[in-house]
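Reading through the structure tokens given below for one structure.
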Amino acid sequence: MRVLLVGAGGVGTAITRIAARRSFFDHMVVTDYDLSRAEAAVAALGEDGTRFSALRVDASDRAAVTALIAEQRCDILVNATDPRFVMPLFDAALAAGVDYLDMAMSLSSPHPERPYEECGVKLGDGQFERAAAWEEAGRLALVGVGVEPGLSDVFARYAADELFDEIEEIGVRDGANLTVEGYDFAPSFSIWTTIEECLNPPVIWEKDRGWFTTAPFSEPEVFDFPEGIGPVECVNVEHEEVLLIPRWVESRRVTFKYGLGEEFIETLKTLHRLGLDRTDTVTVPGGAVSPRDVVAACLPDPASLGDLMRGKTCAGTWVKGTKDGAPREVYLYHVVDNQWSMREYGSQAVVWQTAINPVIALELVAGGVWSGAGVLGAEALDPRPFLDLLVEYGSPWGLREQ
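Each residue of the sequence shown is one higher than the one before, starting from 29 at the first, in the working numbering.
See below:
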């Protein structure tokens, strides 16, 4: 397998460090708009980097990406960029006749009149609209295969297959106790993506109602996270799992809640009030800029914060239903300690936890364990080989009876 990796930021760089220890692929071409970032990712691998090379590509240029796939004889494109570039990369892979994998799906837009009641364009709609073309081409587009979405969806399918007879609710719950020394506000993941998912109307799915929206940060609940993280208040946030899980897993309700914290929420609300969450450009002396890009440029790169971070991050899926006629609740989870990920891989916990999952998915595809045609989420495929590889990679998952 020859892999084209587009994006050499925190997650892309972590992907190279994890993949370098595995033998399932022949070569990985690491690309970025900034060639120096791609070169740095490869150089950091040292002697383990012989199967890697670095090139420049503009992720927004579909034709250039398509040509690069052919030139480098790649079999699959891995998208490690932010969601703005999903569609050009998704389309480039189809045009080139290769498989595709991403960790975040095509962007949504709210309902023009009833944003907090009805869905407008949903996350992933742009990709699912092209599913027939992928099926006809006999190519596989694996979408939303990071940690959330991704591993959380694997957990949902595993619960349905092995732990429950009937499922009442699947609720993805994400929380952490991470701190960053010297910063009052320093997101551990892309602020561009964080603003997008936290300020958009959250989506909920119910069997009798379908998909609908609610207000940002609604329905707060305190969830007790494992391995010393403890109670964290979680709120509704727009996320791909709610758009993916109901397509393949039977449940009466699906939600996603994120442990943000009151201070983080207030900061996001302030950015919104000031219009600094906007992606369209505004004119300033010297040119035009996107306010959200300015916010991102003013904050530290999350990938650079690892040495200053302390604590753990937890991603997981809470499931409620029945087994053998008795009520059951479980929380399937994956915890990463920042001190461990920095020591073992030189990557901070949040980006490393995101990056390990697409590498596992690549290995399953390379070995023919995961296969298919069309646009599929992780929950469409057998979860057990994925979870077994997660343990083999040295990062075990857990199951807690609630």
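Virtual Cβ for every residue (Gly too), placed ideally from N, Cα, C.
Just confirm the distance between the C-beta atoms of Val182 and Ala406, as a whole number of angstroms; I'd bet it's less than 8 Å. Indeed they touch by this definition, with Cβ atoms about 5 Å apart.
Can you look up Phe414 in the DSSP assignment and give me helix, strand or coil? Note: Phe414 maps to helix in three-state DSSP.
Which residue comes first and which comes last in the alpha helix (DSSP H) that contains Pro274? Here the alpha helix (DSSP H) through Pro274 covers 269-276.
What does Asp127 pair with, by DSSP beta-bridge criteria? Bridge partners of Asp127 according to DSSP: Ile104.
Quick check on DSSP: helix, strand or coil for Lys297? In the three-state DSSP reduction, Lys297 falls in the helix class (H, G or I).
Which of the three DSSP states is assigned to Asn264 in this structure? Annotated three-state conformation of Asn264 is strand, per DSSP.
Grab me the residues of Pro229's own chain with a C-beta within less than 6 Å of its C-beta, minus the 5 sequence neighbours each way, in chain order. Same-chain partners within the cutoff: Pro138, Pro143, Tyr144, Thr241.
Note the first and the last residue of the continuous alpha helix (DSSP H) segment covering Leu73. Where Leu73 is concerned, there is no enclosing alpha helix (DSSP H), because DSSP gives it neither an H nor an E.
How about Glu224 and Pro111: do their beta carbons lie closer than 8 Å? When the beta-carbon positions are compared, Glu224 and Pro111 come within less than 8 Å of each other.
Quick one: grab the DSSP three-state call for Tyr421. Residue state for Tyr421 is assigned as coil, using DSSP reduced to three classes.
Which residues mark the beginning and the end of the beta strand (DSSP E) in which Phe253 is found? Start and end: 249-253.
Once the 5 residues before and after Val317 are set aside, which same chain residues still bring their CB inside 7 Å of it? Taken in chain order, the residues that qualify are Thr309, Val310.
Residues near Val358 by beta carbon distance below 7 Å, same chain, minus five either side: Within the same chain, Val358 has close Cβ partners Ala187, Leu191, Val347, Leu427, Arg428, Glu429, Gln430.
Cβ pair Val149, Ala120 closer than 8 Å: One thing to note: Val149 has its Cβ no nearer than 8 Å to the Cβ of Ala120.
What residue from Pro140, Phe213, Phe118, Asp202 has the CA that sits closest to Arg167's CA? The shortest C-alpha separation from Arg167 is found at Phe118.
Using CA atoms only, rank isn't needed, just tell me which of Gly400, Thr283, Met370, Trp398 is closest to Ile46. Selected option, being the one with the closest Cα: Met370.
Which two residues bound the contiguous beta strand (DSSP E) that contains Thr41? Judged by DSSP secondary structure, Thr41 falls outside any beta strand (DSSP E) and instead within the alpha helix (DSSP H) spanning 38-47.
Spatial neighbours of Ala408 in its chain, beta-carbon cut-off 6 Å, leaving aside the 5 residues before and after: Around Ala408: Trp276.
Beta-carbon gap between Ala377 and Tyr361 smaller than 8 Å: In this structure, the beta-carbon distance from Ala377 to Tyr361 does not fall below 8 Å.
Check whether the region 418-426 touches the region 378-394, taking contact to mean three or more Cβ pairs, one atom from each stretch, closer than 8 Å. Yes: the two stretches touch, three or more of their Cβ pairs being nearer than 8 Å.
Less than 8 Å between the CB atoms is what I'm expecting for Val58 and Ala69, so what's the real figure, rounded? About 5 Å; that satisfies the 8 Å criterion.
So for Tyr144, helix, strand or coil by DSSP? The answer is coil: DSSP assigns Tyr144 none of H, G, I, E or B.
When you measure from the CB of Asp127 to every non-hydrogen atom of the ligand PLP, does any distance come out below 7 Å? As for the ligand PLP, it is missing from this structure, which has no ligand bound.
Report, in whole angstroms, the separation of the C-beta atoms of Leu390 and Val31, which I expect to be a contact under 8 Å. With a contact defined as Cβ atoms closer than 8 Å, Leu390 and Val31 qualify at about 7 Å.
On the three-state DSSP scale, how would you describe Val397? The answer is coil: DSSP assigns Val397 none of H, G, I, E or B.
Which same chain residues end up closer than 8 Å to Ala324 when comparing Cβ atoms and leaving out the 5 residues on each side of it in sequence? Here the set comprises Ser218, Ile219, Trp220.
With the cut-off set at 8 Å, would you say Val39 and Val379 are in Cβ contact? The Cβ atoms of Val39 and Val379 sit closer than 8 Å to each other.
Based on the DSSP secondary-structure assignment, which residues constitute the bridge partners of Ser137? DSSP lists Val149 as the bridge partner or partners of Ser137.
Is Ile219 helix, strand or coil by DSSP? In this structure, Ile219 counts as helix in the three-state DSSP scheme.
Can you list, in chain order, the residues of its chain whose CB lies under 8 Å from that of Arg79, leaving out five sequence neighbours each side? These residues qualify, in order along the chain: Ala48, Phe53, Asp54, His55, Met56.
Measuring CA to CA, which of Pro116, Trp398, Leu151, Glu209 is closest to Val265? Considering only Pro116, Trp398, Leu151, Glu209, the residue with the shortest C-alpha distance to Val265 is Leu151.
With Asp181 as the anchor, note down where its beta strand (DSSP E) starts and where it stops. It is not in any beta strand (DSSP E) - Asp181 instead sits in the alpha helix (DSSP H) that spans 179-186.
Just list the beta strand (DSSP E) runs in the region 281-331, keeping only unbroken ones of 3 residues or longer that don't cross its boundaries, in chain order. Complete beta strand (DSSP E) runs here, min 3: 281-286, 310-312, 315-317.
In its own chain, which residues sit with a C-beta less than 7 Å from the C-beta of Phe213, not counting the 5 before and 5 after it? Here the set comprises Thr295.
Beta-carbon contacts of Gly334 that lie in its chain and below 6 Å, excluding the five residues immediately before and after: Within the same chain, Gly334 has close Cβ partners Met370, Gln376.
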